[in-house]
Amino acid sequence: MGLCISIEHVGSTAVPALAAKPIIDIDIIYNEVSDFEQIKKSLEAIGYDHNGDQGIVGREVFKRTGQQKDAVLDRITHHLYACQYNCPELHRHLLFRDYLRKNKEARNYYQQLKYEIAEEANQDKKVYASLKELKANSFINYIITLSKAAHCGFDKVKCK
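Numbering (the numbering used here), first residue to last: 0 to 159.
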């Protein structure tokens with residue numbers, strides 16, 4: 000049988016009616032540790048470099064190399080990650096995204112929080128990232144705790 004993966008659009012752009020930077024976050028989900036090498040080789044073949052986990056265990060980062068041109072991939076600003084199905088960071092992405100999709104009040108609160116952080120950061124991406132971690136993480140963790148209580152866990156990717 001071939002490689003069995005799932006691809007999820009996560010992050011703020013994955014939540015309708017939520018203000019977001021024009022950057023798409025994509026998680027490639029795979030089942031077995033042994034699947035990762037095949038994913039890595041496939042992504043390298045289309046112009047991505049593997050940049051390790053960058054401090055978040057289980058979330059492998061891929062970036063465009065710029066050496067191989069692609070009319071679509073080079074025009075869309077995106078972050079690409081590969082995560083095994085049981086990766087805690089993947090679960091955080093999915094739980095938070097799904098909660099905000101269903102809960103307008105939480106989505107609006109998070110959006111207002113992001114606006115306040117953006118205003119304080121004054122167009123500085125590094126300051127924005129630091130402030131977001133400082134000011135938004137407690138809200139994100141609260142939502143994830145609520146979501147975990149209502150969620151039964153994550154299954155392996157199902158192949159068709």
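Where is the CB? At the ideal position from N, CA and C, for every residue including glycine. All values derive from a computational prediction rather than experimental measurement.
Cβ atoms of residue j and residue i: under 7 Å apart, would you say?
i	j	result
Y80	D123	no
D24	H78	yes
E31	G57	no
Y84	V9	no
Note the first and the last residue of the continuous alpha helix (DSSP H) segment covering residue i.
i	result
K155	No alpha helix (DSSP H) contains K155, which DSSP labels as neither H nor E.
V126	124-149
Q83	Element bounds for Q83: not the alpha helix (DSSP H) but the beta strand (DSSP E), 77-83.
S5	Not the alpha helix (DSSP H): S5 falls in the beta strand (DSSP E), residues 4-9.
I116	103-120
If I measure Cβ to Cβ from residue i and keep anything under 6 Å in the same chain, skipping five residues before and after, which residues do I get?
i	result
Q110	L17, A18
Q67	G46
I55	E88
What does the alpha-carbon distance come out to for the pair residue i and residue j?
i	j	result
E132	T64	28 Å
A105	I116	16 Å
Y47	V60	10 Å
K147	D154	14 Å
I6	I28	6 Å
K125	E119	12 Å
I52	K103	Note on residue identity: the sequence assigns Asp, not Ile, to residue 52. When rounded, the distance between both Cα atoms is 32 Å.
L2	A44	16 Å
A149	H49	34 Å
Y114	I4	35 Å
Leaving out five residues on either side along the sequence, give the residues of the same chain with a beta carbon under 7 Å from the beta carbon of residue i.
i	result
M0	In this prediction, M0 scores a pLDDT of 48, lower than 50, which makes its location untrustworthy; no coordinate-derived value is stated.
Under 8 Å Cβ to Cβ from residue i, same chain only, skipping five residues before and after it: list those, please.
i	result
L99	V14, L17, A105, R106, Y109, I142
Grab the span of the beta strand (DSSP E) containing residue i for me, first residue to last.
i	result
R58	58-63
I23	23-29
- Task: Evaluate the contact criterion for the segment 84-101 versus the segment 32-44: three or more CB pairs, one atom per stretch, below 8 Å.
- Result: no
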